[in-house]
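Asks: Respectively, the protein sequence lines represent chains A and B.
Numbering-wise (our numbering), the first sequence opens with residue 272 and increments by one.
Numbering-wise (our numbering), the second sequence opens with residue 2 and increments by one.
Structure provided below as structure tokens; questions to follow.
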Amino acid sequence: NSKVIQTPRYLVKGQGQKAKMRCIPEKGHPVVFWYQQNKNNEFKFLINFQNQEVLQQIDMTEKRFSAECPSNSPCSLEIQSSEAGDSALYLCASSSQGRGTEVFFGKGTRLTVV
Amino acid sequence: GDSVTQTEGLVTLTKGLPVMLNCTYQTTYSPFLFWYVQHLNEAPKLLLKSSTDNKRTEHQGFYATLHKSSSSFHLQKSSVQLSDSALYFCALSPNYAQGLTFGLGTRVSVFP
Numbered sequence: 272n273s274k275v276i277q278t279p280r281y282l283v284k285g286q287g288q289k290a291k292m293r294c295i296p297e298k299g300h301p302v303v304f305w306y307q308q309n310k311n312n313e314f315k316f317l318i319n320f321q322n323q324e325v326l327q328q329i330d331m332t333e334k335r336f337s338a339e340c341p342s343n344s345p346c347s348l349e350i351q352s353s354e355a356g357d358s359a360l361y362l363c364a365s366s367s368q369g370r371g372t373e374v375f376f377g378k379g380t381r382l383t384v385v
Numbered sequence: 002g003d004s005v006t007q008t009e010g011l012v013t014l015t016k017g018l019p020v021m022l023n024c025t026y027q028t029t030y031s032p033f034l035f036w037y038v039q040h041l042n043e044a045p046k047l048l049l050k051s052s053t054d055n056k057r058t059e060h061q062g063f064y065a066t067l068h069k070s071s072s073s074f075h076l077q078k079s080s081v082q083l084s085d086s087a088l089y090f091c092a093l094s095p096n097y098a099q100g101l102t103f104g105l106g107t108r109v110s111v112f113p
């Protein structure tokens with residue numbers, strides 16, 4: 272079973288509200304990813320970290336989304352001003368370093384923006 | 002750019018029949034391919050992975066062979082079970098920084 276823990280499982284926000292979700296990666300994994308899975312089950316990479324530093328992020332993330340992975344605290348992804356199009360399943364994942372290593376996913380936070 | 006194509010959106014079949022899910026990819030890097038399975042309300046879980054050309058890899062009755070000549074990594078099972086009903090994603094690891102590039106997924110529905 273996955274040891275990546277995401278909270279909350281469900282989040283309902285009004286348009287314009289902040290939405291914050293948290294992730295505890297698997298112990299010992301230095302790399303953390305955030306993906307958005309839309310209603311058509313498509314995955315979109317948002318941002319990833321290695322040892323608290325941002326490795327790569329997409330433009331969307333840079334504008335309304337903020338994320339951090341402080342040491343000794345859960346990682347977090349926050350949407351500053353939620354839009355209807357942000358409704359999706361947000362998946363956090365972690366892995367050890369290097370290409371080809373298994374990426375372990377959490378069960379996700381399902382965000383609904385009403 | 003790097004991409005993964007899964008041609009079937011939905012596959013429905015009867016328990017006990019074989020299944021093959023197609024996956025082809027494009028990348029400028031040396032390919033590392035994965036199959037993930039996502040059951041309803043569960044986390045995606047790794048099913049198979051490979052970076053070795055022409056070598057079959059197996060797990061839990063599923064198997065796949067990476068063929069670099071045809072850029073393919075099709076997933077197969079000889080006899081599906083009801084519990085195999087799930088979403089199946091083929092994914093590519095193009096480079097270390099960006100993590101996985103996923104296909105659009107194939108939903109498999111197995112009926113009694």
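Even for Gly, the Cβ is constructed at its ideal location relative to N, Cα and C.
Predicted, not measured: the structure shown is a model, and the values here were computed from it.
Compute the beta-carbon to beta-carbon distance between S4 of chain B and Q27 of chain B, rounded to the nearest angstrom, for a pair I have assumed lies under 8 Å.
Replies: Going by Cβ atoms, the distance from S4 of chain B to Q27 of chain B rounds to 5 Å, so yes, they are a contact pair.
Asks: Measuring alpha carbon to alpha carbon, tell me which residue in A:T372, A:S347, A:S353 and A:L317 is nearest I295 of chain A.
Replies: Residue A:S347 is the option with its Cα nearest to I295 of chain A.
Asks: Identify, in the order they occur along the chain, each residue of the same chain with its Cβ nearer than 8 Å to the Cβ of E349 of chain A, setting aside the five sequence neighbours on each side.
Replies: These residues qualify, in order along the chain: K289, A290, K291, M292, F336, S337 and A338.
Asks: Taking the C-alpha atoms as reference points, what is the distance between G369 of chain A and F375 of chain A?
Replies: Cα to Cα, G369 of chain A sits roughly 14 Å from F375 of chain A.
Asks: By how many angstroms is the C-alpha of K298 of chain A removed from the C-alpha of S344 of chain A?
Replies: Roughly 12 Å between the two C-alpha positions.
Asks: What are the boundary residues of the beta strand (DSSP E) that includes C416 of chain A?
Replies: Given that chain A is displayed from residue 272 to residue 385, the structure contains no residue 416 of chain A and the question cannot be resolved.
Asks: Any idea if F112 of chain B is buried or exposed, counting beta-carbon neighbours within 10 angstroms, 16 or more meaning buried?
Replies: Burial call: exposed.
Asks: Does the beta carbon of G106 of chain B come closer than 7 Å to any beta carbon on chain A?
Replies: Output row for G106 of chain B: interface = yes.
Asks: Name the one or two DSSP bridge partners that D54 of chain B has.
Replies: Answer is B:L67, bridged to D54 of chain B.
Asks: Along the chain, where does the beta strand (DSSP E) containing T25 of chain B start, and where does it finish?
Replies: Here the beta strand (DSSP E) through T25 of chain B covers T25 to Q27.
Asks: What three-state label does DSSP hand L105 of chain B in the structure shown?
Replies: Coil at L105 of chain B, not helix or strand.
Asks: At which residues does the beta strand (DSSP E) containing T372 of chain A begin and terminate?
Replies: Neither: T372 of chain A is in no beta strand (DSSP E) and is coded neither H nor E.
Asks: Would you tell me roughly how many angstroms separate the C-alpha atoms of L41 of chain B and F314 of chain A, rounded to the nearest one?
Replies: Answer to the nearest angstrom: the Cα atoms are 16 Å apart.
Asks: Who are the near neighbours of M21 of chain B in its chain, counting only those whose CB is closer than 6 Å to its CB and skipping five residues on each side?
Replies: Result list for M21 of chain B: H75 and Q77, in chain order.
Asks: With the cut-off set at 7 Å, would you say S365 of chain A and V283 of chain A are in Cβ contact?
Replies: No, Cβ-Cβ distance for S365 of chain A and V283 of chain A is not below 7 Å.
Asks: If I'm right that V384 of chain A touches S352 of chain A with Cβ under 8 Å, what's the distance once you round it to whole angstroms?
Replies: With 8 Å as the limit, V384 of chain A and S352 of chain A do not qualify as a contact, their Cβ atoms being about 10 Å apart.
Asks: For a test of the three-state rule: what should DSSP assign to A355 of chain A, helix, strand or coil?
Replies: Helix, per DSSP.
Asks: Can you tell me whether L83 of chain B is helix, strand or coil according to DSSP?
Replies: Helix, per DSSP.
Asks: Name the chain A residues that come within less than 7 Å of S110 of chain B, Cβ to Cβ?
Replies: Going along chain A, no residue has its Cβ under 7 Å from S110 of chain B, so there is no contact; the nearest lies around 14 Å.
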